[in-house]
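Comments concern the structure below.
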Amino acid sequence: GQQVMQIPQYQHVQEGEDFTTYCNSSTTLSNIQWYKQRPGGHPVFLIQLVKSGEVKKQKRLTFQFGEAKKNSSLHITATQTTDVGTYFCAPPGGGGNKLTFGTGTQLKVEL
Amino acid sequence: ETGVTQTPRHLVMGMTNKKSLKCEQHLGHNAMYWYKQSAKKPLELMFVYSLEERVENNSVPSRFSPECPNSSHLFLHLHTLQPEDSALYLCASSQAGGNYGYTFGSGTRLTVV
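Chains as they are written, first to last, in the numbering used here: chain A, 1 to 111; chain B, 1001 to 1113.
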């Protein structure tokens, strides 16, 4: 399946600071999805990016798909304690509807 | 509720026991999945069912046996597990060709003693 590197593995921020997680692939991706998993919870779908250079926003979250479709990023502006959790990128993992999940970035937000 | 219901939420079983995990989706999706999530490891895809046919078995040991009797239900039968099989087992469903991603259940936290 598709292998992706997600960095950083952990991020500790003060509330109000910005946060960015990056997802890098050695091969071109047809699309990429992002998920959030709260502590003790399950992954929840956030968004899917398909087009080269695509940028999508959801309130304080900005998602980007690289021009070469080999990397993607999630940026959170002015983090809040509700943003705590692990963020996963998930490109297709082969044929069909399979997804391969990245290693995730665990975000902690301190008051 | 997410539309994907997993039972039980927690399960403790001995290595000689046989148990089953159940997943039910109410979203009309045509694909269902089992994932394993261990501490400090990425989500690992175990099985994929599309239109009730198993299309993927990701080198999972035979002590895990999936069953998909219809498009709404998915089971994971467990027998003679090992302590290293302790993990969160997540069921997910999706609609082929859709842009809405996977919908995950809340998971079953399995502990093998």
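By construction, the Cβ of each residue, glycine as well, lies at the ideal position given by its N, Cα and C atoms.
None of these values were measured; they are calculated from a predicted model.
Strand pairing of residue i, partner residues [DSSP]
i	result
Cys89/A	Trp34/A
Met1091/B	Strictly speaking, residue 1091/B in this sequence is Cys, with Met absent from that position. Cys1091/B pairs with Trp1034/B.
Thr20/A	His75/A
His1079/B	Lys1018/B
Cys1023/B	Gln1006/B, Leu1074/B
Pro1066/B	Leu1076/B
Leu99/A	Pro92/A
Cβ neighbour criterion (16 or more within 10 Å) applied to residue i
i	result
Ser25/A	buried
Glu15/A	exposed
Glu67/A	exposed
Ser1094/B	buried
Tyr1035/B	buried
Tyr87/A	buried
Thr1103/B	buried
Gln37/A	buried
Gly1101/B	buried
Thr79/A	buried
Leu1021/B	buried
Gln976/B	In the structure as shown, chain B starts at 1001 and stops at 1113, and residue 976/B therefore has no counterpart that could be examined.
Ala1087/B	buried
Host beta strand (DSSP E) of residue i (start-end)
i	result
His75/A	71 to 76
Ser1050/B	1044 to 1050
Gln80/A	First-last for Gln80/A: undefined, no H or E at that position.
Leu1108/B	For the record, residue 1108/B in the displayed sequence is Thr; it is not Leu. Counting along the chain, the beta strand (DSSP E) containing Thr1108/B begins and ends at 1108 to 1112.
Arg1054/B	1053 to 1057
Leu49/A	43 to 49
Phe65/A	61 to 65
Thr105/A	105 to 110
His12/A	10 to 14
Val84/A	No beta strand (DSSP E) holds Val84/A; DSSP gives it neither H nor E.
Gln3/A	Premise fails: Gln3/A is in no beta strand (DSSP E) and is neither H nor E.
Lys57/A	55 to 58
Nearest to residue i (by Cα), restricted to the options the options
i	options	result
Cys149/A	Lys57/A, Phe45/A, Leu107/A, Gln3/A	Here chain A comprises residues numbered 1 to 111, so residue 149/A is not present and cannot be evaluated.
Ile7/A	Thr100/A, Gly53/A, Ile32/A, Ser72/A	Ser72/A
Thr27/A	Leu61/A, Asn97/A, Pro91/A, Thr21/A	Pro91/A
Val1048/B	Gly93/A, Gly104/A, Leu107/A	Gly93/A
Thr103/A	Glu1044/B, Asn1017/B, Glu1053/B, Thr1002/B	Glu1044/B
Val84/A	Ile32/A, Gln33/A, Gly40/A, Asn31/A	Gly40/A
His1026/B	Glu1084/B, Val1112/B, His1073/B, Pro1042/B	His1073/B
Glu1053/B	Arg1063/B, Lys1019/B, Ser1071/B	Ser1071/B
Leu99/A	Glu110/A, Thr21/A, Phe45/A, Tyr10/A	Phe45/A
Residue i beta carbon near the ligand SAM (any heavy atom closer than 8 Å)
i	result
Pro1083/B	Only the bare structure without any ligand can be found here, which leaves the ligand SAM out of the picture.
Contact the stretch 1054 to 1062 of chain B vs the stretch 1006 to 1015 of chain B: 3+ CB pairs below 8 Å: no
Meets three-Cβ-pair contact criterion under 8 Å: the stretch 1023 to 1043 of chain B and the stretch 1076 to 1094 of chain B: yes
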